[in-house]
């Protein structure tokens, strides 16, 4: 089954452009896919400021050509066109640009504004100071250069998923509003080593919430339904389709920087563990994880349909949750510090005190439960038995 990461996007009650990074897709031969992301681009790179939109390598002329292709030759930018960065501290491998095109002439059927997600390492570099002790390692040019090829792979991986979901007509992912429309995608290639980007719909009323803005168990049901829809869709993928995705989602340089675009095939519980750990208070997670897994299983059963075989049993799903929890929770903890530091810079004392209380409760619960689940898994034979017999649930 497929596994789609939900880092920042599940902290949004209303869909947004970055929320849609999870659902991405470009049917390309795997060998070419790997080769074309390892392109030397001379002195230019994804981690150095350039002269394009928001200091990226994407110029207004590049974007205009893509817009002509997408909306027609009459979709011409005006002199008051503008780009605004709306993604600061919400992700580290792209620039999220809100484009106000200032259309020339009367245009029907085109958006007043749209979003361009430009694959870039500048967002990571601009968040300097948020990563504590590990920042020195992340700040070196050697790390940035090694990371660049992985960023390109992940961008192409994202586009691959979009196209596969389109191929299998998986467009209705549950949301408060309609699914965000992807207008245009451009992947990295030998001919295009520096300008990977995605043009997508802009929803003006999206609400971004941080990891310390806990959701209720009822709020989580929407996200679980979306994951179940994606999981069921992945069962339709052929072996050739599956071969298009990254095999090692971590990569040599990404063990500490896992994000949403790393779609791959694996156990669905990894998504659920990360979702519950990131979005619920420790109290709500502890009291509701089993009932939420049961809800997720019922959603999955509805999506798979009565005429198709379920890929796992409910008990296998719960056991996979227990087995994966220590690692999944451990991967959430490093995300908390940088966001806490960001909130702690606020001049609002009451806000800082509230954030501190929420963060301490969540972090303490995660650390306690990491050890508790680990000890239970280690001291019972059921862990080994489940690993050997989980059927459709690779861990």
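Numbering (the UniProt record's numbering), first residue to last: 1 to 395.
For every residue, glycine included, the Cβ atom is placed at its ideal position computed from N, Cα and C.
- Here DSSP, grouped into helix, strand and coil, assigns residue 158 to helix.
- Taking 3 residues as the shortest admissible run, the stretch 59-126 contains the following complete beta strand (DSSP E) segments, listed from N- to C-terminal end: 82-85, 94-100, 114-119.
- Residue 365 counts as buried, since no fewer than 16 other beta carbons sit within 10 angstroms of its beta carbon.
- In the pairwise beta carbon analysis, the stretch 207-217 is classified as touching the stretch 347-363: at least three pairs are separated by under 8 Å.
- Ranked by how close their Cα comes to the Cα of residue 118, the residues 68, 60, 161, 306 have 60 in first place.
- In the DSSP annotation of this structure, the continuous segment of the alpha helix (DSSP H) that includes residue 335 starts and ends at 314-344.
- In this structure, the alpha-carbon of residue 233 lies about 20 Å from that of residue 316.
- For residue 185, the enclosing beta strand (DSSP E) begins and ends at 182-186.
- Residue 200 has 115, 182 as its beta-bridge partners, per DSSP.
- 196 is the residue among 170, 220, 116, 196 whose C-alpha sits nearest the C-alpha of residue 151.
- The criterion of a C-beta distance shorter than 8 Å is not satisfied by residue 104 and residue 46.
- The DSSP-derived three-state label of residue 234 is helix.
- Where residue 356 is concerned, the enclosing alpha helix (DSSP H) starts and stops at 349-379.
- Counting only residues of its own chain and dropping the five nearest sequence neighbours on each side, residue 227 has a CB closer than 6 Å to the CB of 271.
- In the three-state reduction of the DSSP assignment, residue 298 falls in the helix class, which pools H, G and I.
- Residue 123 sits close to residue 94, with the two beta carbons spaced by under 8 Å.
- For residue 84, the CB contacts under 6 Å within the same chain, skipping 5 residues up- and downstream, are 98 in chain order.
- In the three-state reduction of the DSSP assignment, residue 208 falls in the strand class.
- One Cα belongs to residue 292, the other to residue 281, and the distance between them is close to 14 Å.
- The residue among 48, 332, 346, 109 with its C-alpha nearest the C-alpha of residue 183 is 109.
- Judged by DSSP in its simplified three-state form, residue 291 adopts helix.
- Cβ-Cβ separation between residue 340 and residue 359: approximately 5 Å, consistent with a contact (criterion under 8 Å).
- Shown here, residue 213 sits in coil according to DSSP, grouped into three states, outside any helix or strand.
- The C-alpha of residue 377 is placed about 33 Å away from the C-alpha of residue 236.
- With 16 or more other Cβ atoms from the protein chains shown falling within 10 Å of its own Cβ, residue 269 counts as buried.
- In the three-state reduction of the DSSP assignment, residue 279 falls in the helix class, which pools H, G and I.
- Counting every other CB atom within 10 Å of its CB across the protein chains shown gives residue 274 a total of 16 or more, marking it as buried.
- Separation of residue 363 and residue 313 (C-alpha to C-alpha, rounded to the nearest whole angstrom) is 31 Å.
- Cα atoms of residue 318 and residue 70: separation of roughly 45 Å, rounded to the nearest angstrom.
- The beta carbons of residue 220 and residue 276 sit closer together than 8 Å.
- With a contact defined as Cβ atoms closer than 8 Å, residue 114 and residue 199 qualify at about 6 Å.
- Under the three-state reduction of DSSP output, residue 310 falls in the coil class, being neither helix nor strand.
- Around the Cβ of residue 148, a 10 Å sphere holds 16 or more other Cβ atoms; the residue is buried.
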